[in-house]
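Peer 1: There's a structure below that I have some questions on.
Right, dumping it as structure tokens:
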């Protein structure tokens, strides 16, 4: 049974509205949701309808209505103790805040969405869509590594309930990653990602995949067209994929910029420049630097290399401003701030500020000792993991201590994201972190270790510390078993330490 089937009323209408929204037909979904809100009396039904309605407004670009809609949604969801509903609401709120230009609020919603969805006990198709929408929010804000991790979670949850993988193909995530690389001057990296998107499309077409979402068409079409604008031929015809993508602002802008790219590829740069001037596009779709970068490609194709250089410099400056604001360390900084706020609200458990590591916001060694001591006093046992960073010394040498601090903050965020509810994470010393899994044994520790590895490997270290790969070495032991103390458990875990796989 899905989450929706447990609602007492309007289930079929909500399912229909959800399908329409997923298939790029938000304008048709909106009146259905308004009718549900007129007739429904159940609080959970109304809350879910308001969440979907916010998503429709975002898709349609009706930014002026978002503040009122999101306030009503937040008030309704606050009364419902359901982690999926909170996660979905925060994912849409992140997108809405981004469209309104409120980055701090948007990033805070991202952290809250991730934590809420991770707390869902019984996954179903709605939870998979929640992870999908969170992945989209990460991607639009420029957190490409987090977006890839979230969309993989969506695929895994979806596969467990029988959803086809192409439903969560989400080519737009990698497309935004590709153009971001190009904006920063890495055109070769951009082309590698675009080729991967093209190859994925070819695979889906070859197997006759018929469950691809219409919204994916525009992203595939633009990836093909952008590759053509950079001088590479593609097997698929971009123009065919730049149609039928639904009624969202995203689809409209991708279609327009895609035809700009096709004009460049056809040897008509002057026409492409006219198209760029004729129709403004949202800077949120592919980043504010994309029109400037396309303008540079147009000038280069027309032989005006001075103008192309100036346009490239402008695109690079816009991209640099975005990176400065949205560097992944900022996301983890918000997560650390939320952790600090939670610890301050629970003084009985965590004590004063001297128990918190100021860089990562994680509990420090003293807090770890108090936490485990209290657990042992209650006669409980736990798995203990000691995690060391591999490559961290090279980061400080090649990039400086500031980048080293950003790496530590990001690892802290990775560990926080993959922990189970009730697990404990601390920064022990330097680049060493300790995780405590209450009541866990070998099997649970191995699963958490696998999740830590996957999340660490999914991070885009190349953007943060180019040329310096980062990985983790982890060792595990038990505390409370056979009278083993924390010190003994840490020593045993350190002795077992090996690169995570």
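In the working numbering, the protein residues as written are 2 to 502. Even for Gly, the Cβ is constructed at its ideal location relative to N, Cα and C. Note that the structure is predicted; figures quoted are calculated from it, not measured.
Closest by CA to residue 262, which one among 25, 456, 232, 366?
Peer 2: The option with the nearest alpha carbon to residue 262 is 232.
Peer 1: Under a Cβ-count criterion, where at least 16 other Cβ atoms within 10 Å of its own Cβ denotes burial, should residue 60 be classed as buried or exposed?
Peer 2: So residue 60 ends up on the buried side.
Peer 1: In whole angstroms, what is the alpha-carbon distance linking residue 98 and residue 440?
Peer 2: Using only the alpha carbons, I get a separation of about 39 Å.
Peer 1: Considering only C-alpha positions, which residue in the set 250, 401, 33, 446 is nearest to residue 283?
Peer 2: Checked all of 250, 401, 33, 446; the closest Cα to residue 283 is 250.
Peer 1: How about residue 43: is its Cβ closer than 7 Å to a heavy atom in the ligand HEM?
Peer 2: Inclusion of the ligand HEM in the displayed structure is not the case, the ligand content being empty and no account of it being possible.
Peer 1: Do residue 14 and residue 37 have their C-beta atoms within less than 8 Å of each other?
Peer 2: Cβ atoms of residue 14 and residue 37: closer than 8 Å.
Peer 1: Looking only at DSSP bridge pairs, what is residue 477 linked to?
Peer 2: Answer is 386, bridged to residue 477.
Peer 1: With a CB to CB cut of under 7 Å and the five nearest residues on each side skipped, what residues in its chain are close to residue 107?
Peer 2: Taken in chain order, the residues that qualify are 95, 98, 99, 142.
Peer 1: Closest to residue 85 by C-alpha separation, out of 399, 456, 237, 124, would be which residue?
Peer 2: Nearest option by C-alpha distance: 124.
Peer 1: What three-state label does DSSP hand residue 243 in the structure shown?
Peer 2: Coil at residue 243, not helix or strand.
Peer 1: By Cβ distance, which residues of its chain are closer than 6 Å to residue 167, with the 5 residues on each side in sequence left out?
Peer 2: Closer than 6 Å at Cβ, skipping near neighbours: 205, 210, 212, 213.
Peer 1: In the DSSP assignment, the alpha helix (DSSP H) including residue 13 goes from what residue to what residue?
Peer 2: It spans 12-23 - the alpha helix (DSSP H) in which residue 13 sits, taken as one unbroken run.
Peer 1: Return helix, strand or coil for residue 208, following the three-state DSSP convention.
Peer 2: Here residue 208 sits in coil by DSSP.
Peer 1: Would you kindly report the start and end of the unbroken beta strand (DSSP E) that includes residue 407?
Peer 2: Taken as a continuous stretch (DSSP letters only), residue 407 belongs to no beta strand (DSSP E), being part of the alpha helix (DSSP H) at 402-419.
Peer 1: In the structure shown, what three-state DSSP assignment does residue 439 receive?
Peer 2: If DSSP states are grouped into helix, strand and coil, residue 439 belongs with the strands.
Peer 1: For residue 20, count neighbouring C-beta atoms within 10 Å of its own C-beta (all shown protein chains included) and say buried if the count is 16 or more, exposed if not.
Peer 2: Residue 20 is exposed by the Cβ-count criterion.
Peer 1: DSSP on residue 357, reduced to helix/strand/coil?
Peer 2: Residue state, collapsed to three classes: strand.
Peer 1: Give me whichever residues DSSP pairs with residue 472 in a beta bridge.
Peer 2: Looking at the DSSP assignment, residue 472 forms a beta bridge with 391.
Peer 1: Any idea what DSSP makes of residue 80, helix, strand or coil?
Peer 2: Correct three-state label for residue 80: coil.
Peer 1: In the DSSP assignment, what residue or residues form a beta bridge with residue 427?
Peer 2: 435, per the DSSP bridge assignment.
Peer 1: Express the C-alpha separation of residue 304 and residue 153 in angstroms, rounding to a whole number.
Peer 2: Using only the alpha carbons, I get a separation of about 43 Å.
Peer 1: Verify whether the separation of the beta carbon atoms of residue 46 and residue 76 is less than 8 Å.
Peer 2: No, the pair does not count as a contact, with Cβ atoms beyond the cut-off.
Peer 1: Reducing DSSP to helix, strand and coil, say where residue 364 ends up.
Peer 2: Strand at residue 364.
Peer 1: Look up residue 351 in the DSSP assignment and say whether it is helix, strand or coil.
Peer 2: Note on residue 351: pLDDT 41, under 50, position unreliable in the model; the coordinate value appears next. Residue state, collapsed to three classes: helix.
Peer 1: Closest by CA to residue 110, which one among 89, 274, 127?
Peer 2: Ranking 89, 274, 127 by Cα distance to residue 110 puts 89 first.
Peer 1: Using a 10 Å radius around the Cβ and a threshold of 16 neighbouring Cβ atoms, would you call residue 488 buried or exposed?
Peer 2: It counts as exposed.
Peer 1: Is the CB-CB distance between residue 387 and residue 433 below 8 Å?
Peer 2: Yes, the Cβ-Cβ distance between residue 387 and residue 433 is below 8 Å.
Peer 1: Buried or exposed, going by whether 16 or more other CB atoms sit within 10 Å of the CB of residue 364?
Peer 2: Buried is the call here.
Peer 1: Quick one: what does DSSP say residue 122 is sitting in, helix, strand or coil?
Peer 2: In this structure, residue 122 counts as coil in the three-state DSSP scheme.
Peer 1: Could you tell me whether the Cβ atoms of residue 473 and residue 384 are closer together than 8 Å?
Peer 2: No.
Peer 1: Give me the Cα-Cα distance between residue 42 and residue 78, rounded to the nearest whole angstrom.
Peer 2: The alpha-carbon atoms of residue 42 and residue 78 are separated by roughly 14 Å.
Peer 1: DSSP state of residue 267, grouped into three classes?
Peer 2: Three-state result, residue 267: coil.
Peer 1: Within this structure, are the beta carbons of residue 185 and residue 48 separated by less than 8 Å?
Peer 2: Against a cut-off of 8 Å, the Cβ pair of residue 48 and residue 185 comes out as no contact.
Peer 1: For residue 103, is the classification buried or exposed, using 16 other Cβ atoms within 10 angstroms of its Cβ as the cut-off for buried?
Peer 2: With fewer than 16 other Cβ atoms within 10 Å, it is exposed.
Peer 1: Can you tell me whether residue 376 is helix, strand or coil according to DSSP?
Peer 2: If DSSP states are grouped into helix, strand and coil, residue 376 belongs with the helices.
Peer 1: Assign residue 426 to buried or exposed, taking buried as 16 or more other Cβ atoms, counted over all protein chains shown, within 10 Å of its Cβ.
Peer 2: With 16 or more Cβ atoms within 10 Å of its Cβ, residue 426 is classed as buried.
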